[in-house]
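Undergrad:
In the numbering used here, the protein residues as written are 34 to 99.
(1) Would you mind reading off the limits of the beta strand (DSSP E) that contains residue 36?
(2) On the premise that residue 58 lies in contact with residue 92, defined as a C-beta separation below 8 Å, what is that separation, rounded to the nearest angstrom?
(3) Which class does residue 70 belong to by DSSP, given the choice of helix, strand or coil?
(4) Give me the Cα-Cα distance between residue 69 and residue 83, rounded to the nearest whole angstrom.
(5) Kindly list the residues whose CB is nearer than 8 Å to the CB of residue 95, restricted to its own chain and excluding five residues on each side of it in sequence; keep chain order.
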């Protein structure tokens with residue numbers, strides 16, 4: 034998702050306005066359960082190497098997809 038808005042715990046709001054400029058991008062990736070640890074380690078590495086970039090990872094159980 035390109036150009037999303039919101040506010041994280043460590044940064045101010047990103048609302049795409051003059052008051053709170055900036056926007057975020059979200060990438061949803063469906064992976065098998067056994068791949069989650071590998072994907073999380075990749076995100077940890079990206080966070081270590083790019084401390085100002087704001088990489089985050091969230092895991093959700095996927096019940097169904099179409």
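Cβ atoms here follow ideal geometry from the backbone N, Cα and C, with glycine treated the same way.
Fair warning: this is a prediction, and the values are worked out from it, not measured in the lab.
TA: A quick look at the data gives this:
(1) It spans 35-37 - the beta strand (DSSP E) in which residue 36 sits, taken as one unbroken run.
(2) 19 Å between Cβ atoms; not a contact.
(3) In the structure shown, residue 70 sits in a helix (DSSP, three-state: H, G or I).
(4) One C-alpha to the other measures close to 21 Å.
(5) Closer than 8 Å at Cβ, skipping near neighbours: 63.
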